[in-house]
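Residue numbers (the numbering used here): 37 to 350.
C-beta: ideal position from N, C-alpha, C; glycine also.
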Ligand code: SER
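Here it is, written out as structure tokens:
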């Protein structure tokens with residue numbers, strides 16, 4: 037692969053993953069894009085950027101031709117909470133955007149596409165503890181429905197057109213550089229910012245809501261590694277469970293209190309509680325560990341220390 041198109045570079049993951057790829061391939065060989073032209077200066081300054089709407093199939097085709105793209109990292113998407121407020125938008129971006137990517141790639145002979153899935157693929161009927169990779173899904177959010185369809189569609193294109201589409205089911209991703217864009221796990225980012233700014237946080241999930249999470253450096257490393265893994269080793273390429281640790285809001289608050297003893301948390305669950313309750317508590321990610329060496333480095337306390345330090349510096 038010589039030229040890789042990135043979508044969704046204004047987002048929480050795209051704005052950091054992009055730099056891992058620019059470092060590896062050279063700045064000019066990673067084409068950043070987002071639907072919004074308002075993008076961080078450091079992205080604009082470090083290499084090519086185009087404004088690209090993934091629901092516009094012709095615009096994708098034009099970008100691929102213009103930059104001679106031969107692989108794609110497709111991160112553009114509408115997350116769970118925003119998706120529940122605007123399900124039609126979620127369907128359009130998450131479904132039509134993804135099928136556009138696959139179709140244009142197929143027409144142009146591009147094989148490798150990375151498109152992440154999510155714990156949102158799971159639903160109330162899914163076993164909630166140590167959730168296996170192959171299990172009952174039946175998600176109840178629009179975002180989750182879209183993600184399951186994307187996983188299946190990727191497998192379909194791989195089998196039918198000999199493509200090389202890969203994906204991992206991200207848990208909540210915690211980071212301090214770019215805010216997450218409207219998910220249910222966003223509390224686990226906001227809590228750190230409010231701890232530093234105000235010494236307190238009002239949480240939109242209840243105190244014992246357990247969800248799997250991961251710190252951004254592990255997310256970057258895992259995504260990068262799956263993208264580059266030997267294809268012959270991947271037996272379930274579009275849907276690897278990956279997780280680092282499972283926490284409740286109370287556990288995150290207790291971890292923060294080790295550094296800010298007066299930190300206070302209150303709980304005021306909203307519509308996102310039902311979404312979180314439908315998802316899994318913890319995941320079995322042994323297949324990712326076995327097949328492409330997934331091995332996260334950060335646990336809750338190690339992450340908390342770094343999050344608080346980095347946010348204090350801002
Ligand atoms: N972080 C996402 C969300 O909460 C889950 O993939 O929507």
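beta-carbon residue i near the ligand SER non-hydrogen atom, thresh 7 Å
i, result
"residue 145", "no"
"residue 259", "no"
"residue 115", "yes"
"residue 179", "yes"
"residue 242", "no"
"residue 227", "no"
"residue 61", "no"
"residue 47", "no"
"residue 156", "yes"
"residue 301", "no"
"residue 220", "yes"
Assigned secondary structure, residue i (DSSP; H/G/I helix, E/B strand, else coil)
i, result
"residue 256", "helix"
"residue 114", "coil"
"residue 303", "strand"
"residue 166", "coil"
"residue 248", "strand"
"residue 37", "coil"
"residue 268", "helix"
"residue 72", "coil"
"residue 314", "helix"
"residue 103", "helix"
"residue 82", "helix"
"residue 174", "coil"
"residue 51", "helix"
"residue 242", "coil"
"residue 136", "helix"
"residue 334", "coil"
"residue 122", "coil"
Proximal residues to residue i (C-beta, below 8 Å), its chain only, five neighbours per side dropped
i, result
"residue 235", "296, 298, 299, 300"
"residue 142", "193, 197, 199"
Residues sharing a beta bridge with residue i, DSSP
i, result
"residue 109", "42, 150"
"residue 200", "148"
"residue 208", "249"
"residue 283", "247"
"residue 296", "According to DSSP, which records beta bridges pairwise, residue 296 is partnered with nothing at all."
"residue 87", "70"
"residue 319", "167"
Residues near residue i by beta carbon distance below 7 Å, same chain, minus five either side
i, result
"residue 114", "125, 126, 129, 130, 179"
"residue 190", "151, 201, 203, 274"
"residue 95", "88, 89"
"residue 220", "116, 117, 308, 311, 312"
"residue 171", "162, 163"
Same chain, Cβ closer than 6 Å to residue i, neighbours up to 5 away in sequence not counted
i, result
"residue 103", "39, 67"
"residue 319", "167, 248, 277, 279"
Check whether the segment 267-287 and the segment 235-244 are in contact - that is, three or more C-beta pairs closer than 8 Å.
yes
Cβ pair count under 8 Å reaching 3, the segment 210-218 against the segment 170-186
no
Decide if the segment 97-109 is in contact with the segment 136-153; the criterion is three or more beta carbon pairs, one per stretch, under 8 Å apart.
yes
State whether the segment 215-222 contacts the segment 255-271, with contact taken as three or more CB pairs (one from each stretch) at a distance under 8 Å.
no
Inter-stretch contact (C-beta, 8 Å, three-pair minimum) for the segment 259-275 and the segment 306-319
no
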